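One structure is given below, encoded as structure tokens.
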Amino acid sequence: MFEYIEKIQQQIQKIATTQTSALRAAAQLFGNAIVRDRIIHTFGTGHSHMIGLELFTRAGGLANVNAILDSTVLSVEGARRGAEIERVPGIAQIVWDQYQFDADDIMVLISNSGRNAMPIEMAMLARKAGLKTIGITSLEQSKQYPSRHPSGKRLFELVDIVIDNCVPSGDVLMDIDGYQTGPASTVSGVTIVNLLATEGCKLARQQGAKLPIYFSQNIDGYSNEELYGLYENRIKHL
Numbered sequence: 002m003f004e005y006i007e008k009i010q011q012q013i014q015k016i017a018t019t020q021t022s023a024l025r026a027a028a029q030l031f032g033n034a035i036v037r038d039r040i041i042h043t044f045g046t047g048h049s050h051m052i053g054l055e056l057f058t059r060a061g062g063l064a065n066v067n068a069i070l071d072s073t074v075l076s077v078e079g080a081r082r083g084a085e086i087e088r089v090p091g092i093a094q095i096v097w098d099q100y101q102f103d104a105d106d107i108m109v110l111i112s113n114s115g116r117n118a119m120p121i122e123m124a125m126l127a128r129k130a131g132l133k134t135i136g137i138t139s140l141e142q143s144k145q146y147p148s149r150h151p152s153g154k155r156l157f158e159l160v161d162i163v164i165d166n167c168v169p170s171g172d173v174l175m176d177i178d179g180y181q182t183g184p185a186s187t188v189s190g191v192t193i194v195n196l197l198a199t200e201g202c203k204l205a206r207q208q209g210a211k212l213p214i215y216f217s218q219n220i221d222g223y224s225n226e227e228l229y230g231l232y233e234n235r236i237k238h239l
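Using the working numbering, the letters of the sequence shown correspond one by one to residues 2 to 239.
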């Protein structure tokens with residue numbers, strides 16, 4: 002009954018052993034953002050948005066994170082609707098214009114396939130604005146299929162740092178009598194972003210930086226109001 006756990010453990014170990022250089026480089030960007038008090042933006046559509054959301058306003062997490070959360074591409078307004086909209090060129094610019102960005106900020110873009118218009122255009126917009134970009138994607142799947150964007154580019158071709166989530170094409174780890182199941186991209190992605198955040202914190206502390214980390218709201222005696230006040234003018238969804 003523990004096959005999925007075994008598969009996921011193997012999956013995470015593969016990331017740790019094959020993506021070391023990319024993870025270190027991305028963690029350095031996180032650390033620099035903490036030291037310089039810059040914003041870490043995250044963007045994903047569909048299930049990929051959950052990976053960015055993992056970093057946003059959570060206990061033990063960084064306060065300088067802005068998750069780009071537009072309901073047009075989330076399942077809350079219809080799963081099939083969102084899946085179609087993320088393929089439409091031009092929508093990313095509309096969403097981008099609703100947020101604040103600075104050239105010294107960084108952006109984490111998550112797309113397992115890396116082929117749809119919105120994450121591709123978000124990467125283009127971020128690069129144009131001068132932000133350093135990190136892409137989390139499945140290189141196996143992305144290289145197997147063509148881009149759905151007019152540029153012909155895929156996410157891994159547009160970001161400064163590519164982190165391969167090492168997820169097999171199709172995003173499953175198990176076969177049960179011919180039925181493919183055991184999704185992997187969310188667990189892999191959440192592990193990656195938490196690794197970047199925690200390693201970034203360690204690097205920032207080595208430079209003497211104060212870490213902007215949220216307390217759990219369910220533990221008495223602690224308050225996050227100071228952090229809310231520090232970032233509420235720069236982070237939309239606070």
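Just so you know, even glycine gets a beta-carbon here, dropped at the ideal spot from N, CA and C.
All figures in this text were calculated on a predicted structure; none of them were measured in a lab.
| Item | Value |
| --- | --- |
| Enclosing beta strand (DSSP E) for I162 [first to last residue] | I162 to D165 |
| Bridge partners - K133, DSSP secondary structure assignment | I107 |
| Same chain only: Cβ atoms within 8 Å of L196, ignoring 5 sequence neighbours per side | L24 and A28 |
| Alpha-carbon spacing of Q14 relative to K8, whole angstroms | 10 Å |
| Spatial distance of A127 from M2 (CA atoms) | 44 Å |
| Contact set for L228: own chain, Cβ-Cβ below 6 Å, skip 5 residues either direction | A64 and P213 |
| Beta strand (DSSP E) segment containing Y223, residue limits | Per DSSP, Y223 belongs to no beta strand (DSSP E) and is neither H nor E. |
| Sub-8 Å separation of L111 and G171 beta-carbons | Correcting the residue type first, residue 111 is Ile in the shown sequence and not Leu. Against a cut-off of 8 Å, the Cβ pair of G171 and I111 comes out as no contact. |
| Distance, I16 Cα to V160 Cα | 19 Å |
| Check whether T138 and G115 have beta carbons under 8 Å apart | yes |
| Simplified DSSP state of V36, which is helix, strand or coil | helix |
| Beta-carbon spacing of N67, K237 below 8 Å | yes |
| Delimiting residues of the beta strand (DSSP E) encompassing N195 | First-last for N195: S186 to Q207, but that is the alpha helix (DSSP H), not the beta strand (DSSP E). |
| Cross-strand partners of T138 (DSSP beta bridge) | D165 |
| Segment contact, 8 Å Cβ cut-off, at least three pairs: the stretch 148 to 162 with the stretch 178 to 190 | no |
| Spatially closest choice to G84 from V109, I69, G53 and H48, by CA coordinates | Strictly speaking, residue 84 in this sequence is Ala, with Gly absent from that position. Residue H48 is the option with its Cα nearest to A84. |
| M2 - DSSP class collapsed to helix/strand/coil | coil |
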